[in-house]
Amino acid sequence: MSSNENLLSSTKSEWIKFRSVRSTIMGVVIFAVLTIGLGALITFAIRSHWNQNTRIDKLTFDPVSTSLAGTLFAQFAVGVIGTLVITSEYSSGSIRTTLAAVPNRVRLAASKLIVLVTSMFVVCEVVCVIAFLTGQAIFHGVVPTASLSSGPVLRSVILAGVYLTLLTALGFGLGLILRQSAASISVFVSILLIIPILMIFLPESWRNDITKYEPSALGQAMMSTSTPAQSFGAWTSLFLLLAYVVGVLVIGTTMLQRRDA
Amino acid sequence: MLKIDHLTKHYNDTVAVDDLDFEVKPGVVTGFLGPNGSGKSTTMRVILGLDHPTKGRATINGQNYSDLKAPLREVGALLDAKAVHPGRTARNHLRALAASNQIKKSRVDEVLEFAGIASVANKKVGGFSLGMSQRLGIAGALLGDPGVLLFDEPVNGLDPEGIRWIRDFFRSLAKEGRTVFVSSHLMSEMAVSADQIIVIGRGRFISQGSVDDLTATAKGTVFARVSDPQKLTTLLEEKMASVVATNDKGLTVSGMTSDQVGEVAFAAGITILELTPQRASLEEVFMDLTADSVEYGSAMPGAMPHEQ
Chain G
324 MSSNENLLSS
334 TKSEWIKFRS
344 VRSTIMGVVI
354 FAVLTIGLGA
364 LITFAIRSHW
374 NQNTRIDKLT
384 FDPVSTSLAG
394 TLFAQFAVGV
404 IGTLVITSEY
414 SSGSIRTTLA
424 AVPNRVRLAA
434 SKLIVLVTSM
444 FVVCEVVCVI
454 AFLTGQAIFH
464 GVVPTASLSS
474 GPVLRSVILA
484 GVYLTLLTAL
494 GFGLGLILRQ
504 SAASISVFVS
514 ILLIIPILMI
524 FLPESWRNDI
534 TKYEPSALGQ
544 AMMSTSTPAQ
554 SFGAWTSLFL
564 LLAYVVGVLV
574 IGTTMLQRRD
584 A
Chain A
113 MLKIDHLTKH
123 YNDTVAVDDL
133 DFEVKPGVVT
143 GFLGPNGSGK
153 STTMRVILGL
163 DHPTKGRATI
173 NGQNYSDLKA
183 PLREVGALLD
193 AKAVHPGRTA
203 RNHLRALAAS
213 NQIKKSRVDE
223 VLEFAGIASV
233 ANKKVGGFSL
243 GMSQRLGIAG
253 ALLGDPGVLL
263 FDEPVNGLDP
273 EGIRWIRDFF
283 RSLAKEGRTV
293 FVSSHLMSEM
303 AVSADQIIVI
313 GRGRFISQGS
323 VDDLTATAKG
333 TVFARVSDPQ
343 KLTTLLEEKM
353 ASVVATNDKG
363 LTVSGMTSDQ
373 VGEVAFAAGI
383 TILELTPQRA
393 SLEEVFMDLT
403 ADSVEYGSAM
413 PGAMPHEQ
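First to last, the sequence lines map onto chains G and A.
With our numbering, the residue at position 55 of the first sequence is 378, and numbering never jumps.
With our numbering, the residue at position 293 of the second sequence is 405, and numbering never jumps.
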């Protein structure tokens, strides 16, 4: 048996495991409902108050990122899905059964990551496109709308799905390092929510240089049709976030390899 | 064949396994006996590559576990029956295991049937009793039809019928020429289910042999009922035997054969009413062997060390 065949079989095994637990299904449903539902609510609210907006507001309005605003809340759901892929193995003790079946730990981590990233990429892209189309349908006739036939718009919608996919991989990496669901999810939430709040207390001159490196700011930049002030462009943001996630995954896999199960 | 090669495992400052060195041969059921905390589970985890040894190694047919291409086809193990994701069904749990080692899907139904849990195959494992979980663990161990099987405390949680079933099952696996390695802290269980026994205590090797070998090496006692137990006690103690008086003129003598006790009594003119050599049970042998190595000893009457 070659190592490629081995990677294929351990990936098949992880795919069976991933879709055979309720937490995955629940996580995906919650993620979809939050992204699409909250997106619809927010776009509806904007539509009904559109005439009260100033001219400047109307000119700088971004119908794309507004229709994807539900991801601000839904991003925690994808983080939890990624985390649980590994931490549920530790909480149940099944990690020992898993490692007895696949003793090569790098291969195990790779299999889990392949399953997580490919399936969540499909889910995230589909959900983001639906949220975008729902938002534009609600805006239609009152608020200016965007179309996927425009390059920057298509990029924003696709990168929104990529951002969420990278976050699920980040959750997985934190789970590899911390091995506990509660701890991993807390750190995940801190990174996206608490750090930006703490940044408010920094002097403004520093803040502008630092905040653009935050994962949530990178996500905002990835989802924008234009480059917002004080931030990186969409592609630079993507590569920075990718570098963070790869870094966390490398640390996590190294720890998985070194530690006793 | 399973080989433990000068294996040592430390957890921080704790020595869990200390220079263990033995072989487990195919064709027989080998018991792995030791008090709780003596290093049995640690040894099992190192064999399966779950914990990294501090020194030495454990090999299966000459290979490290982590080097096995399809480990489930060579080694089947049941370490902790409850170590299964509670939200997954028994069938999906086994299907995932089978897929990871390129084992046919049809084998899943075979082992479910064999372990007697086919009727609950589509139920979530979280609702299983310990006995059902043990059977699921056994089904998982058999999935790859492996030549080496490891079971850590397999009778825990089984009902008497299940215990009888598992004993016969171990025997039949061994008869097929497989290596069967079963740990337990219950000597009575090992006495009936194992052919060979390896005894460890505090992580160290104590003894290895058949049940008969182990009981033969232990010093037995002699029960004597005599007309004047007081006088005989004094005489025997002069000859360095240790004597414990029981009721109704009875004495339990250790450190002397029944012939020697009889001669001493005859020389002193004491009438012997009864004289019986008593072979130590495996349980007593075990207590004797591990007396110094019980990690969490309790001060129970009877477990006190005898005065020599």
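Here a beta-carbon is modelled for each residue, glycine too, at the ideal position from N, C-alpha and C.
Pull up the DSSP beta-bridge partners for residue i, would you.
i, result
"R169 (chain A)", "A:D117"
"V127 (chain A)", "A:H122"
"D264 (chain A)", "A:S295"
"L387 (chain A)", "A:A336"
"G238 (chain A)", "DSSP output for G238 (chain A) lists no bridge partner at all."
"F144 (chain A)", "A:S295, A:I310"
"S322 (chain A)", "A:Q308"
"Q175 (chain A)", "A:I172"
"R316 (chain A)", "A:G313"
"F134 (chain A)", "A:I116"
"V365 (chain A)", "A:V334, A:V355"
"T468 (chain G)", "None; T468 (chain G) has no bridge partner."
"L190 (chain A)", "A:F263"
"T559 (chain G)", "Its beta-bridge partners do not exist; DSSP assigns none."
Under a CB-based cut-off of 8 Å, is residue i close to chain A?
i, result
"V344 (chain G)", "yes"
"T420 (chain G)", "yes"
"D583 (chain G)", "yes"
"A423 (chain G)", "yes"
"S417 (chain G)", "yes"
"S332 (chain G)", "yes"
"S507 (chain G)", "no"
"S388 (chain G)", "no"
"S554 (chain G)", "no"
"S549 (chain G)", "no"
"S293 (chain G)", "Because residue 293 (chain G) is not part of the residues shown, which for chain G are 324 to 584, the question remains open."
Less than 8 Å between CB atoms is the rule here; does residue i satisfy it with respect to chain G?
i, result
"Q214 (chain A)", "yes"
"L162 (chain A)", "yes"
"G199 (chain A)", "yes"
"R290 (chain A)", "no"
"G259 (chain A)", "no"
"L224 (chain A)", "no"
"G252 (chain A)", "yes"
"V220 (chain A)", "no"
So, is residue i buried or exposed, given that buried needs 16 or more other C-beta atoms within 10 angstroms?
i, result
"P389 (chain A)", "exposed"
"W338 (chain G)", "buried"
"H426 (chain A)", "Lying outside 113 to 420, the shown extent of chain A, residue 426 (chain A) is not represented and no answer is given."
"R200 (chain A)", "buried"
"T550 (chain G)", "exposed"
"S212 (chain A)", "buried"
"L431 (chain G)", "buried"
"S204 (chain A)", "Looking at the sequence itself, residue 204 (chain A) is Asn, so the reference to Ser does not match. The residue in question, N204 (chain A), is buried, as its Cβ has 16 or more Cβ neighbours within 10 Å."
"G556 (chain G)", "exposed"
"M368 (chain A)", "buried"
"D179 (chain A)", "exposed"
"F455 (chain G)", "buried"
"M546 (chain G)", "buried"
"G570 (chain G)", "exposed"
"N124 (chain A)", "exposed"
Interface residues of chain A around residue i at Cβ under 8 Å?
i, result
"I339 (chain G)", "N204, R207, A208, A211"
"N427 (chain G)", "S178"
Roughly how far, in whole angstroms, is the beta-carbon of residue i from the beta-carbon of residue j, given that I think they are within contact range, below 8 Å?
i, j, result
"V294 (chain A)", "S305 (chain A)", "7 Å"
"V220 (chain A)", "R207 (chain A)", "5 Å"
"A202 (chain A)", "L242 (chain A)", "No, A202 (chain A) and L242 (chain A) are not in contact; Cβ-Cβ is about 14 Å, not under 8 Å."
"S390 (chain G)", "G474 (chain G)", "The pair is not a contact, with the Cβ atoms about 17 Å apart (cut-off 8 Å)."
"I310 (chain A)", "F144 (chain A)", "5 Å"
"P347 (chain G)", "F354 (chain G)", "Position check: residue 347 (chain G) holds Thr in this sequence, whereas Pro was assumed. With a Cβ gap of about 11 Å, T347 (chain G) and F354 (chain G) do not count as contacting."
"D364 (chain A)", "T333 (chain A)", "Here residue 364 (chain A) is Thr; the residue named in the question, Asp, does not match the sequence. Indeed they touch by this definition, with Cβ atoms about 5 Å apart."
"I318 (chain A)", "L401 (chain A)", "5 Å"
How would you list, in chain order, the residues of chain A whose beta-carbon sits under 7 Å from the beta-carbon of residue i?
i, result
"F335 (chain G)", "Strictly speaking, residue 335 (chain G) in this sequence is Lys, with Phe absent from that position. Residues of chain A passing the Cβ test: A211."
Name the chain G residues whose beta carbon is nearer than 9 Å to that of residue i?
i, result
"D131 (chain A)", "Within chain G, no residue comes near D131 (chain A); the closest Cβ sits about 19 Å away, beyond 9 Å."
"P183 (chain A)", "A423, A424, V425, P426"
"A195 (chain A)", "S415, G416, S417, I418, R419, T420"
List, in order along the chain, the chain G residues whose C-beta lies closer than 7 Å to that of residue i?
i, result
"L191 (chain A)", "R419"
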